[in-house]
Amino acid sequence: MKLDSAIDEIQEINLSYLLLAQRLLKEDYATALFRLKIKESLAQVLVSLTAKQLTQLARTNQLLFRLHFDDAEQLVKLTSNKRAQGLGHIHAALLMSSSAN
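Numbering (our numbering), first residue to last: 3 to 103.
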């Protein structure tokens with residue numbers, strides 16, 4: 003994969019994430035704060051940004067979001083529990099809500 007291609011993909015992911023975050027915040031503010039694991043001050047800024055500002059913000063070579071797993075063990079638990087198939091989203095929500103911000 004060429005570097006330019008990777009940067010294009012990062013920028014596309016950034017824009018998708020920012021648009022999704024903004025939409026979630028507009029639809030259900032309290033739930034979005036919990037799901038996105040962001041502070042209210044950041045949420046207020048995200049909601050106020052225009053499409054042009056979101057696009058400009060997305061144009062970076064760094065991912066603007068991060069995984070909310072504190073350690074590899076959390077990821078292993080989410081992906082290796084064969085008995086809880088079909089309940090993965092519940093398990094993930096429990097694990098992530100119990101982790102510190």
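Heads up, the beta-carbon is just placed ideally off N, CA and C, and yes, glycines get one too.
Going by DSSP in three states, residue i sits in which element: helix, strand or coil?
i: Thr33; result: helix
i: Ala102; result: Per-residue confidence for Ala102 stands at a pLDDT of 46, beneath the threshold of 50, marking its modelled position as unreliable; the derived number appears in the next sentence. Three-state result, Ala102: coil.
i: Asp6; result: helix
i: Ile15; result: helix
i: Lys39; result: coil
Going by the beta-carbon positions, is the gap between residue i and residue j smaller than 9 Å?
i: Ala60; j: Leu17; result: yes
i: Leu51; j: Glu42; result: no
i: Leu20; j: Leu48; result: yes
Taking the straight line between their C-alpha atoms, what separation do you get for residue i and residue j?
i: Lys4; j: Glu14; result: 16 Å
i: Leu65; j: Leu56; result: 14 Å
i: Ala8; j: Phe67; result: 16 Å
i: Thr33; j: Glu11; result: 28 Å
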